[in-house]
Amino acid sequence: MSLKSLARSKAIHLMLVYTGGCNGCDIEIVNCVLSPKFDAEQYGVFLTWNPREADVLVVTGPVTKLNEEPLKKIYEAIPNPKLVIAAGSCALMGGVYKNIHGDIPSEEIAGPVENIIPVDAKVPGCAVRPQDILAGVVAALPNLLNAD
Amino acid sequence: MNEDEISNGKNIHNEDNVRNEEITHNENIIETEVALGTVHPAALEPYRLRLFVEDEIVKDAEITIGVNHRGVERIMEGLPVEKANALTEKICGICSNAHIWNSCLTAEKALGIDIPERANYIRIIMEELERLHSHFLYLGHGCEVLAHETFSMRAFSIRETVMELLRMIGGNRVQYGASIIGGVRPRCELDSNRIIKILEGMDIVEKKLNDFADRFVSDPIVMNRITGVGKISSKDALKLEVTGPTLRATGVKKDLRFKMKEYEPFDFNMITLSDGDVKDNILMRVLEIPEAISIIRQAVKNLPNGPIVDRSWEMIDSPTVHNYIEVPRGTLYHSYALEDGRVRGSVIRTPSMSNIGAMQLACIGNHLTDAQLCIVQCDPCFTCTDRAIEIIKL
Amino acid sequence: MITILSFKSILAILATLIIAFIISIFIPGIERKYIHGRIQQRIGPPLFSPGLMAPIKFFFKENLKPNSPLPKLYKSLPVISFIVIFLILLFIIPQFYIYGSLASVIAIVGLLKVEEIAYVLMGSLSKSVMSTGMSFPDKIKGAKHLNVKSSFIEDISSSRALRLIIFGSFPLYLALFVPVSTVGSVYLSDILSYQISHGPILFSVSGIIGAIVFFIGYMILLNEYPFAILKTKADVIEGPYMEYSSKYRAINYINRGFLIFVLGSLFSLMFLGYPSNIFSWKFIINVLVALIFPVLMAILSAFSPIFTNKQFYPVILVSSIFGVLAILLGLLI
Numbered sequence: 001m002s003l004k005s006l007a008r009s010k011a012i013h014l015m016l017v018y019t020g021g022c023n024g025c026d027i028e029i030v031n032c033v034l035s036p037k038f039d040a041e042q043y044g045v046f047l048t049w050n051p052r053e054a055d056v057l058v059v060t061g062p063v064t065k066l067n068e069e070p071l072k073k074i075y076e077a078i079p080n081p082k083l084v085i086a087a088g089s090c091a092l093m094g095g096v097y098k099n100i101h102g103d104i105p106s107e108e109i110a111g112p113v114e115n116i117i118p119v120d121a122k123v124p125g126c127a128v129r130p131q132d133i134l135a136g137v138v139a140a141l142p143n144l145l146n147a148d
Numbered sequence: 001m002n003e004d005e006i007s008n009g010k011n012i013h014n015e016d017n018v019r020n021e022e023i024t025h026n027e028n029i030i031e032t033e034v035a036l037g038t039v040h041p042a043a044l045e046p047y048r049l050r051l052f053v054e055d056e057i058v059k060d061a062e063i064t065i066g067v068n069h070r071g072v073e074r075i076m077e078g079l080p081v082e083k084a085n086a087l088t089e090k091i092c093g094i095c096s097n098a099h100i101w102n103s104c105l106t107a108e109k110a111l112g113i114d115i116p117e118r119a120n121y122i123r124i125i126m127e128e129l130e131r132l133h134s135h136f137l138y139l140g141h142g143c144e145v146l147a148h149e150t151f152s153m154r155a156f157s158i159r160e161t162v163m164e165l166l167r168m169i170g171g172n173r174v175q176y177g178a179s180i181i182g183g184v185r186p187r188c189e190l191d192s193n194r195i196i197k198i199l200e201g202m203d204i205v206e207k208k209l210n211d212f213a214d215r216f217v218s219d220p221i222v223m224n225r226i227t228g229v230g231k232i233s234s235k236d237a238l239k240l241e242v243t244g245p246t247l248r249a250t251g252v253k254k255d256l257r258f259k260m261k262e263y264e265p266f267d268f269n270m271i272t273l274s275d276g277d278v279k280d281n282i283l284m285r286v287l288e289i290p291e292a293i294s295i296i297r298q299a300v301k302n303l304p305n306g307p308i309v310d311r312s313w314e315m316i317d318s319p320t321v322h323n324y325i326e327v328p329r330g331t332l333y334h335s336y337a338l339e340d341g342r343v344r345g346s347v348i349r350t351p352s353m354s355n356i357g358a359m360q361l362a363c364i365g366n367h368l369t370d371a372q373l374c375i376v377q378c379d380p381c382f383t384c385t386d387r388a389i390e391i392i393k394l
Numbered sequence: 001m002i003t004i005l006s007f008k009s010i011l012a013i014l015a016t017l018i019i020a021f022i023i024s025i026f027i028p029g030i031e032r033k034y035i036h037g038r039i040q041q042r043i044g045p046p047l048f049s050p051g052l053m054a055p056i057k058f059f060f061k062e063n064l065k066p067n068s069p070l071p072k073l074y075k076s077l078p079v080i081s082f083i084v085i086f087l088i089l090l091f092i093i094p095q096f097y098i099y100g101s102l103a104s105v106i107a108i109v110g111l112l113k114v115e116e117i118a119y120v121l122m123g124s125l126s127k128s129v130m131s132t133g134m135s136f137p138d139k140i141k142g143a144k145h146l147n148v149k150s151s152f153i154e155d156i157s158s159s160r161a162l163r164l165i166i167f168g169s170f171p172l173y174l175a176l177f178v179p180v181s182t183v184g185s186v187y188l189s190d191i192l193s194y195q196i197s198h199g200p201i202l203f204s205v206s207g208i209i210g211a212i213v214f215f216i217g218y219m220i221l222l223n224e225y226p227f228a229i230l231k232t233k234a235d236v237i238e239g240p241y242m243e244y245s246s247k248y249r250a251i252n253y254i255n256r257g258f259l260i261f262v263l264g265s266l267f268s269l270m271f272l273g274y275p276s277n278i279f280s281w282k283f284i285i286n287v288l289v290a291l292i293f294p295v296l297m298a299i300l301s302a303f304s305p306i307f308t309n310k311q312f313y314p315v316i317l318v319s320s321i322f323g324v325l326a327i328l329l330g331l332l333i
């Protein structure tokens with residue numbers, strides 16, 4: 001493993017963008033970093049809130065119309081190489097809000113995340129479990145490590 | 001519904017007119033405006049906060065919601081009532097059980113169903129467990145905004161015990177969907193094994209909470225830091241229709257649980273504090289947790305035997321019915337009519353909706369760093385809130 | 001008149017710098033894993049991750065143009081502040097004392113001021129996407145105060161840094177002048193020789209007070225919680241550092257560890273009389289002091305919330321008064 005890949009695998013800065021789901025995934029992911037039980041820092045995953053520092057962008061929620069532009073801007077602000085992980089069924093396919101098939105379809109949802117920014121890994125679940133989000137980051141990691 | 005359509009998912013606004021008269025003549029002294037959000041570490045949820053500051057003191061604040069607007073009430077229109085109940089659970093990831101519970105209660109009211117007593121007890125256990133996890137989340141998030149990482153970690157680690165219990169009963173950590181029309185899901189039946197685990201969990205939570213509270217209250221730096229920040233007087237709180245623990249922290253005795261027939265078999269106290277600042281709000285949650293634990297213990301101890309679900313109901317048409325319950329953050333309102341087994345004209349009003357005014361008010365006069373703390377002290381949940389709107393006066 | 005350093009001195013200076021550099025790499029990891037992790041009852045990150053692996057990783061990232069009115073100046077600031085810290089370390093190495101006027105407390109204070117001014121410039125030049133720059137239709141009909149000028153969160157951070165220059169750094173500078181008042185000379189060589197003959201200044205009344213004041217000033221200069229008002233998460237997210245990416249962010253990471261080491265080393269010289277001289281066994285004590293300081297700082301920061309002005313001013317006021325008291329004691333005794 002080259003020094004570049006080693007350094008990238010030992011310090012991963014993860015940023016969370018929450019685009020209007022139900023809060024469940026969001027709290028589970030913050031939990032996965034903040035609670036001593038899961039403690040993502042032991043794997044070298046650090047939570048950051050600055051796009052310039054981030055390597056991995058975790059997007060939750062179905063991306064409402066108002067959040068489309070901010071999401072794009074944040075994605076553009078992250079320097080390459082970067083990973084995008086869509087977490088939760090809303091981020092994967094618009095979730096229950098887009099697919100409930102009532103009399104009136106929802107008009108507020110611009111998502112899923114794939115329509116707006118390229119996605120590297122998808123973590124299903126409603127809500128995602130903290131273990132799954134760690135597994136998702138690990139699964140997509142080769143893309144990050146082997147990039148230029 | 002109509003309000004929803006007018007707003008078209010954009011330009012949703014909340015404006016409390018309480019302080020407006022005082023603010024307008026101060027307009028010339030506002031130095032600058034700082035806009036935080038929609039993605040911000042202290043907020044977690046997406047919303048826009050505009051702070052008008054003068055020498056780093058907040059002179060006025062404006063919370064703009066609408067980023068979370070998914071139109072849940074609109075997409076509920078015409079859904080079969082069971083499906084609509086499941087959808088209400090997805091309104092919020094923190095008080096998910098409260099939403100599905102209230103939605104089921106509304107449906108049961110409309111259809112005239114009496115649920116088995118055991119089902120009611122299990123629903124209460126779920127709701128109080130949810131109250132525990134919501135309050136621990138509040139403590140954890142509040143300490144995080146205070147930048148006290150250690151306390152935040154402690155609160156989140158205690159919360160894990162509760163989350164495990166919820167996962168054990170409901171099968172999922174966040175959306176457990178315990179209630180269905182006529183009772184609770186068979187998955188959520190409490191056998192002796194689970195009861196033992198719940199009681200063990202409650203002992204652990206109580207012990208850890210006592211340690212946490214002792215340390216928190218005896219920490220002079222933290223107490224000095226949060227005392228007197230974000231004060232809301234009881235007069236302002238009543239004027240703004242604040243609900244829930246935030247209202248009780250200002251000294252108003254108002255808890256809907258004492259009027260709900262679901263809570264009749266249980267014996268618990270109403271906690272009120274007097275100052276309405278961040279300190280009292282945090283202590284309020286700390287003091288409410290033992291009450292919730294005591295309700296869970298009573299429910300587990302007196303758990304009646306019998307079926308947990310009554311499926312012998314028939315679907316009938318019903319005019320609009322509504323129901324209020326007390327959830328961790330305040331008063332929750334659900335109302336809809338039933339037509340041909342389908343939901344019509346649904347309206348949901350969540351506690352954070354009425355607390356937004358208090359959040360804006362609490363920011364005023366505090367340091368810029370405390371602004372997010374003042375909002376967090378009212379336990380905001382904008383995912384719940386982003387559905388109903390207020391008509392603004394132009 | 002320029003005095004030329006001997007070959008041995010140059011070797012000593014280089015060796016000291018390299019060792020300082022290696023130790024400063026460990027410091028963030030020690031703070032995070034062994035102090036914060038232990039207090040918070042979790043495992044914590046790998047030891048090398050925050051201090052070594054993160055900067056290396058940032059070196060290999062794409063360098064985006066910062067969102068700033070003067071990108072080149074903005075990008076040069078971490079380099080300037082690195083050079084400043086480097087110079088401070090250079091001046092406190094005993095082999096360098098032959099340049100009398102540079103190896104004095106005044107020079108060090110001047111250089112630390114440059115470091116603080118860098119924060120002001122960084123803050124005012126950074127225009128991050130995370131606040132006002134984020135597109136959101138909030139200035140619409142019906143919104144409050146439509147004609148107010150809006151500022152970025154970094155502007156707030158910059159004005160805070162300006163205030164810190166005015167009053168925040170008092171404790172550190174006062175503490176630096178405690179040994180000066182005792183010895184009666186601003187030259188580091190005199191302070192060192194006084195302590196060799198009279199014993200460390202730390203073991204006097206003024207020295208103890210001075211050490212405490214130094215520690216508070218040290219935390220304020222390093223912007224560590226609870227004094228991290230420049231870069232608190234609750235409002236300004238990362239403050240001055242918001243827009244740095246790639247190698248400039250790496251330099252910022254290195255700067256912090258390096259500054260921690262240099263200030264610890266400075267304390268060891270000024271209050272204990274053990275300079276960072278590679279040829280003496282006392283260098284170990286110097287390193288130990290540089291490691292004990294961040295450990296103490298991490299313990300304090302793990303147990304305290306962020307201070308606002310309401311708590312900040314009294315702390316600075318009290319520590320400044322103690323600083324003046326220590327100087328007076330040093331002058332009288």
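Chains as they are written, first to last, in UniProt numbering: chain A, 1 to 148; chain B, 1 to 394; chain C, 1 to 333. Glycine included, every Cβ here is placed at the ideal spot set by N, Cα and C.
- It is roughly 36 Å from the alpha-carbon of residue 158/B to the alpha-carbon of residue 145/A.
- For residue 34/A, no pairing in a beta bridge is given by DSSP.
- Chain C places a beta carbon closer than 8 Å to that of residue 41/A, counting this residue as a contact.
- Just so you know, the alpha carbons of residue 244/C and residue 256/B end up roughly 51 Å apart.
- The C-beta distance from residue 239/C to residue 154/C rounds to 6 Å, short enough to meet the 8 Å contact threshold.
- As computed with DSSP, residue 64/A is found in a beta bridge with 109/A.
- CA-to-CA, the gap between residue 15/C and residue 251/C works out to about 21 Å.
- Within the stretch 147-221 of chain C, the runs of alpha helix (DSSP H) that reach at least 4 residues and sit entirely inside it are, in chain order, 153-163, 170-183 and 188-198.
- The beta carbon of residue 162/B lies closer than 8 Å to those of 129, 132, 133, 136, 201 and 205 in the same chain, with the five residues before and after it left out.
- Against residue 57/C, the close residues of chain A are 7, 8 and 11, in the order they occur along the chain (beta-carbon pairs closer than 7 Å).
- Counting only residues of its own chain and dropping the five nearest sequence neighbours on each side, residue 254/C has a CB closer than 6 Å to the CB of 55.
- Minimum Cα-Cα distance from residue 62/C among the listed residues 42/A, 4/A, 136/A and 30/A corresponds to 4/A.
- Annotation for residue 123/C: the continuous alpha helix (DSSP H) segment containing it runs 105-125.
- Between residue 343/B and residue 78/B, the C-beta spacing is below 8 Å.
- Here residue 94/C has 275 and 277 as same chain residues with Cβ atoms under 6 Å from its own Cβ, once five neighbours each way along the sequence are excluded.
- Separation of residue 246/C and residue 56/A (C-alpha to C-alpha, rounded to the nearest whole angstrom) is 15 Å.
- Taking C-beta separations shorter than 6 Å and ignoring five residues to either side along the sequence, the partners of residue 294/C in its chain run 27, 31 and 260, following chain order.
- Counting along the chain, no alpha helix (DSSP H) covers residue 132/C, and no H or E run does either.
- For a Cβ distance threshold of 8 Å, nothing in chain A lies close to residue 182/B: the least Cβ distance comes to about 22 Å.
- Excluding residues up to 5 positions away in sequence, 111 lie with their Cβ nearer than 8 Å to the Cβ of residue 314/B in the same chain.
- Closer than 7 Å at the C-beta level to chain A, one finds these residues of the stretch 13-46 of chain C: 40, 41, 42, 43, 44, 45 and 46.
- Within the model, the alpha-carbon separation for residue 89/A versus residue 113/C is close to 52 Å.
- Residue 323/B is bridged by DSSP to 334/B.
- By the CB criterion at 8 Å, residue 226/C and residue 304/C fall inside the cutoff.
- Each residue's CA atom was taken as its position, placing residue 79/A and residue 37/A some 31 Å apart.
- Among the residues of chain C, those whose CB is under 9 Å from the CB of residue 3/A are 56 and 60, following chain order.
- Beyond the five residues adjoining it in sequence on each side, residue 121/A comes within less than 6 Å, by CB distance, of 85, 136, 139 and 140 in the same chain, given in chain order.
- Cβ neighbours of residue 363/B within its own chain (closer than 6 Å, five residues either side excluded): 58, 61, 371 and 374.
- Cβ atoms of residue 110/A and residue 63/A come within 8 Å of each other, at about 5 Å.
- Look at residue 135/B: its C-beta is not under 8 Å from any C-beta on chain C.
- Excluding sequence positions up to five before and after residue 174/C, its CB lies within less than 7 Å of the CB of 213, 320, 323, 324 and 327, all in the same chain and listed in chain order.
- Using a Cβ-Cβ cut-off of 8 Å, residue 167/C does not count as an interface residue toward chain B, since no Cβ of chain B sits closer than that to its own.
- By the Cβ-count criterion, residue 121/B is buried, with 16 or more other Cβ atoms from all chains shown falling within 10 Å of its own Cβ.
- With 16 or more other CB atoms across the displayed protein chains lying within 10 angstroms of its CB, residue 108/B is buried.
- With respect to the 8 Å criterion, residue 7/A and residue 136/C are not classified as neighbours on the basis of their beta carbons.
- Restricted to the stretch 10-91 of chain C, the alpha helix (DSSP H) segments that are unbroken, complete and at least 4 residues in length are 54-59 and 71-91, listed in chain order.
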